[in-house]
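Heads up: the sequence lines are chains A and B, in that order. My numbering applies: residue 13 is where the first sequence begins, and numbers increase by one. My numbering applies: residue 114 is where the second sequence begins, and numbers increase by one. Ideal Cβ placement from N, Cα and C applies to all residues, glycine included. These figures come from a predicted structure and were not determined experimentally. To start, the structure under review is shown below, and the notes come after it.
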Amino acid sequence: MTGLATRLRLVRPALLGALPFAVLVVVWEVLARSHVLNRVLVSSPSLIVAALAKQLSNGTIQRDLAASAVEFAIGFGLSVVVGVLVGVVMGWYRPLSHALAPPLWLSYNAPFFALSPLLVVLLGLGTPTVVAITFLITVVPIVVNTAAGVRNVDHILVRAARSFGATDLQIFRKVALPASVPYLMAGLRLGVGRALVGVIAGEFFGGKTGLGYSISYFAGTLQTDNMMVSVVIAAMIGVFLTQGANRLERWLDAWRGWG
Amino acid sequence: MSLVDGARYRLAARAPVRQRSPAATTALMAMVVLLAAWQLAARWGLVKHGYLPAPSAVAVAGVAMARDGELWQNAQISLLEFAMGLALSIGVGIPLGLLMGWFRTVRELFEPLVMVLNAMPRIALIPMIVVWLGIGSISKIAVVFIGGVIPLIVNGMAGVRDADGSLVRLARSFCASDLQLFLKILLPGSVPSLLAGLRLAIGHAVIGVVLAEMYASVRGMGYLLQSYGTNYEAAQLFFLVIVVSAAGYLATACVQLVESRFQSWRQP
Chain A
13 MTGLATRLRL
23 VRPALLGALP
33 FAVLVVVWEV
43 LARSHVLNRV
53 LVSSPSLIVA
63 ALAKQLSNGT
73 IQRDLAASAV
83 EFAIGFGLSV
93 VVGVLVGVVM
103 GWYRPLSHAL
113 APPLWLSYNA
123 PFFALSPLLV
133 VLLGLGTPTV
143 VAITFLITVV
153 PIVVNTAAGV
163 RNVDHILVRA
173 ARSFGATDLQ
183 IFRKVALPAS
193 VPYLMAGLRL
203 GVGRALVGVI
213 AGEFFGGKTG
223 LGYSISYFAG
233 TLQTDNMMVS
243 VVIAAMIGVF
253 LTQGANRLER
263 WLDAWRGWG
Chain B
114 MSLVDGARYR
124 LAARAPVRQR
134 SPAATTALMA
144 MVVLLAAWQL
154 AARWGLVKHG
164 YLPAPSAVAV
174 AGVAMARDGE
184 LWQNAQISLL
194 EFAMGLALSI
204 GVGIPLGLLM
214 GWFRTVRELF
224 EPLVMVLNAM
234 PRIALIPMIV
244 VWLGIGSISK
254 IAVVFIGGVI
264 PLIVNGMAGV
274 RDADGSLVRL
284 ARSFCASDLQ
294 LFLKILLPGS
304 VPSLLAGLRL
314 AIGHAVIGVV
324 LAEMYASVRG
334 MGYLLQSYGT
344 NYEAAQLFFL
354 VIVVSAAGYL
364 ATACVQLVES
374 RFQSWRQP
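Next up, the structure:
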C-alpha cells in the first residue's frame with residue numbers, strides 16, 4: 013500500500029506533465045473529426061501521423077533533416093570557433109572590447125534575415141545563404157558572453173599564478189578557461205537557440221530544402237498535415253539540443269571542479 | 114533545476130556590458146574608423162558594387178525614406194503590433210509564471226509544455242499562424258505574443274522559486290498570510306528575474322514581428338525590408354536593417370536601465 017503511494021508520488025510529475033499534451037491531442041482530434049475546426053487549416057493528430065508515415069517512406073523528412081543538420085552544424089560550429097576566439101581576445105584587451113561594443117549591440121537584434129536576397133546573389137541559394145544567416149545571428153551572443161567570462165576572471169588568481177611562474181598558456185588553461193566556463197555555456201545555450209532560429213528562418217527566405225523550407229512550402233500550398241510534421245520535428249530538435257546543452261554544462265561543471 | 118535555470122538567465126542577462134566615458138571615446142573613434150573604411154571600400158569598389166552600399170549612400174536613402182513618410186508609416190504599424198503583442202504576453206506570461214512558481218500542481222501540469230515551447234524555434238510557427246489568422250496585424254500580434262510569453266513564464270516561475278527560503282520562513286513565523294507573503298516577499302523578489310525575462314521577450318518580439326511581416330504582409334518594417342530586398346535596393350535595405358537593429362537595442366537598453374535600478378532587489 014505504502015509502496016504504491018510512494019510510487020504514485022514519484023510518477024506524479026510525469027503524469028501531470030503529460031496531461032496537457034494528452035488533452036491537447038484528444039481535443040484536437042475530436043474537434044477536427046466533428047468538423048468543428050476546419051481540417052484543411054488545422055489538420056489533426058491522426059492526419060499528422062499519416063503524413064509523417066508518407067514523408068518517411070518517400071524520403072522527404074530524411075532529405076530535410078540532412079539539409080538542416082548540415083546547415084546547423086556549419087553555421088553553429090563556425091559561430092563557436094569565431095565567437096570564442098574573438099570573445100577571448102576582446103575580453104583580454106579592454107580597448108578592443110570598447111571599440112567593438114556598439115557594432116555588437118546593434119547586431120544583437122539585427123534582422124539579418126532581411127539580407128537574404130543579397131546573400132542569395134552573392135553566395136547562391138540554399139546551404140551557403142542559410143549558413144551565413146545562421147552564423148550572423150549566432151556569433152554575437154557567443155562573442156559577448158565569452159568576453160564577459162574572460163573579463164570576469166579573478167585577477168588575484170591570475171597574479172598568484174604569475175607569481176608562481178605560470179606561462180600565459182597555463183594561466184589561460186588553468187585559470188581563465190575554467191573561470192569563464194559558466195559564461196561560455198550561457199553564450200552557447202543562447203547560441204544553440206539562435207542557430208536553430210537562423211536555420212529555420214534562413215530556409216524560409218533563402219533555402220531550397222530543409223525543415224524551414226518545407227514548413228514554408230507546405231504552408232504556402234496549404235498542405236497543413238505535412239507542414240505540421242515539420243513543425244513537430246523542429247520542436248523535437250529544439251528540445252533535444254537543449255537537453256544536449258544541459259548535459260554538456262553538467263559535464264563541464266564537473267571538469268571545472270577538478271580541472 | 115529551476116534554480117539553475119534562473120542562474121543561467123542571469124548570466125545571459127548580464128551579457129551586454131555598460132560602459133564608462135573613456136570607453137565611449139574608444140567606441141566613437143572605432144565607429145568613425147569603421148565608417149571611413151567602409152566608405153572608402155565602397156568607393157574604391159573593393160566590394161562588388163551594389164552588395165555593400167557606402168555609408169553615405171545608406172544615409173541618403175534613409176533621409177529620402179524619412180522625408181516621404183514611408184519610414185514612419187510602416188514603423189508605426191510595426192511598433193503597434195510589437196506593443197500589443199508584448200503587452201499581451203506580459204499580461205498573460207507574468208501571472209502565469211508566478212502561479213506556476215507558487216502552486217506545485219500548476220507547475221507540474223504546465224512545466225513540460227512550457228519547456229517544449231521554450232526549447233523549440235517558435236518562429237517555425239509563423240507560417241501556421243499566417244494560415245490561421247491571415248496576413249494582417251492579428252497574425253503579427255500573435256507571433257510577438259508567442260515569442261514573448263514563454264521567457265516571461267519561465268522567468269516568473271524561476272523568480273518565485275528562487276525566493277530566499279529564510280525570508281519566507283521568517284514571514285511565516287510572523288504569521289504572514291499567503292497574500293502578504295506573495296506581495297511582500299515573492300513578488301519583489303522575482304522582479305529582477307522578471308525584468309531579465311522581459312529583456313529576452315523583447316528580443317524575441319523584435320525578431321518575431323519583423324520575420325512575420327517579411328513572411329507575409331503588405332505593410333510594416335518587415336514588409337519594407339522584404340520589398341527593398343527583393344528589388345536589390347541595397348542602400349535602403351541596409352538603412353532599414355540598421356533602424357530595426359537600433360530600435361531593438363533601444364528597447365533592450367531601456368529594460369537594462371530599469372534592471373540596474375532593481376539590482377539591489379536581486380537575492381544573493
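Three-way DSSP call (helix, strand, coil) for arginine 201 (chain A) in this model:
helix
For methionine 142 (chain B), count the other beta carbons within 10 Å of its own beta carbon; 16 or more makes it buried, fewer makes it exposed. Which is it?
exposed
Neighbour list for histidine 110 (chain A) in chain B, Cβ cutoff strictly below 7 Å:
Within 7 Å Cβ-Cβ: Gln132, Ala136, Thr139, Ala140.
How should glutamate 183 (chain B) be labelled, buried or exposed, when 16 other C-beta atoms within 10 angstroms of its C-beta is the threshold for buried?
exposed
Could you tell me whether the Cβ of glycine 18 (chain A) comes closer than 8 Å to any Cβ of chain B?
According to the sequence shown, residue 18 (chain A) is threonine rather than glycine. Chain B, which has no Cβ nearer than 8 Å to the Cβ of threonine 18 (chain A), makes this no.
Whole alpha helix (DSSP H) runs in the stretch 182 to 247 of chain A with 4 or more residues, listed along the chain?
Counting only runs of 4 or more, we get 189 to 218, 223 to 232.
Among the residues of its own chain, which have a CB less than 6 Å from the CB of alanine 140 (chain B), if the five just before and after it don't count?
Taken in chain order, the list of residues that qualify is empty.
With DSSP run on the structure shown, which of helix, strand or coil describes tryptophan 157 (chain B)?
If DSSP states are grouped into helix, strand and coil, tryptophan 157 (chain B) belongs with coil.
At the level of alpha carbons, what is the spacing between alanine 65 (chain A) and threonine 141 (chain A)?
30 Å
Write down the C-beta distance between glycine 250 (chain A) and glutamate 224 (chain B) rounded to the nearest angstrom, noting that I regard them as a contact closer than 8 Å.
About 16 Å; that fails the 8 Å criterion.
Continuous beta strand (DSSP E) assignments of at least 3 residues falling wholly in the stretch 63 to 90 of chain A:
none
Closer than 8 Å to chain A by CB, alanine 188 (chain B)
no
Taking 8 Å as the CB-CB limit, is leucine 189 (chain A) close to chain B?
Chain B contact via Cβ: absent.
Starting from serine 303 (chain B), trace the alpha helix (DSSP H) in both directions and tell me its first and last residue.
300 to 328
Please report how far the alpha carbon of glycine 210 (chain A) lies from the alpha carbon of isoleucine 145 (chain A), in whole angstroms.
6 Å
Looking at C-beta atoms only, is the number of pairs between the stretch 88 to 95 of chain A and the stretch 143 to 159 of chain A that lie closer than 8 Å three or more?
yes
Who are the neighbours of arginine 174 (chain A) on chain B, taking C-beta pairs under 8 Å?
In chain order: nothing, as chain B lies at least about 25 Å away.
Residue range of the unbroken alpha helix (DSSP H) whose run includes arginine 332 (chain B):
Segment: none, arginine 332 (chain B) is in no alpha helix (DSSP H) and carries neither H nor E.
Measuring only between beta-carbons, confirm whether tyrosine 225 (chain A) sits less than 8 Å from chain B.
no
Extent of the continuous alpha helix (DSSP H) run through glycine 161 (chain A)
139 to 163
Taking DSSP as the reference, what is the three-state secondary structure of glycine 391 (chain B)?
In the structure as shown, chain B starts at 114 and stops at 381, and residue 391 (chain B) therefore has no counterpart that could be examined.
At the 8 Å Cβ level, is arginine 75 (chain A) part of the contact set with chain B, yes or no?
no
Helix, strand or coil: which one does DSSP assign to cysteine 367 (chain B)?
In the structure shown, cysteine 367 (chain B) falls within a helical segment according to DSSP collapsed to helix, strand and coil.
Once DSSP output is grouped into helix, strand and coil, what is the label at proline 264 (chain B)?
Assigned with DSSP and collapsed to three states, proline 264 (chain B) falls in helix.
For glycine 161 (chain A), which residues of its own chain have a beta-carbon under 6 Å away from its beta-carbon, when the five flanking residues on both sides are left out?
Ser192, Tyr195, Leu196
Please go through the same chain and pick out, in chain order, the residues whose beta-carbon is closer than 6 Å to the beta-carbon of tyrosine 341 (chain B), but skip the five residues on each side of it.
Gln349, Leu350
Over what stretch of residues does the alpha helix (DSSP H) that includes arginine 235 (chain B) continue unbroken?
It is not in any alpha helix (DSSP H) - arginine 235 (chain B) carries neither H nor E in the DSSP assignment.
My output table needs one value for aspartate 277 (chain B): the three-state DSSP class, helix, strand or coil.
coil
Spatial neighbours of leucine 212 (chain B) within its chain, please: CB distance less than 7 Å, with the 5 preceding and 5 following residues excluded, ordered by chain position.
Val219
Flag valine 158 (chain A) as yes if its beta-carbon sits less than 8 Å from any beta-carbon of chain B, otherwise no.
With the sequence shown as reference, residue 158 (chain A) is identified as threonine, and valine is not the correct amino acid for it. No, threonine 158 (chain A) lies away from the interface with chain B (no Cβ there is under 8 Å from its Cβ).
Any beta carbon from chain A within less than 8 Å of glutamate 224 (chain B)'s own beta carbon?
yes
If we define contact as Cβ-Cβ less than 8 Å, is tryptophan 245 (chain B) a contact residue for chain A?
yes
Can you list, in chain order, the residues of its chain with a C-beta nearer than 6 Å to that of leucine 299 (chain B)? Leave out the 5 residues immediately preceding and following it.
Val273, Ala276
4 or more residues per run - each alpha helix (DSSP H) lying fully within the stretch 168 to 207 of chain B
168 to 180
6 Å Cβ shell around glutamine 255 (chain A) - same chain, five flanking residues per side excluded
none
Does at least one heavy atom of the ligand PLP sit under 7 Å from the Cβ of alanine 347 (chain B)?
Inclusion of the ligand PLP in the displayed structure is not the case, the ligand content being empty and no account of it being possible.
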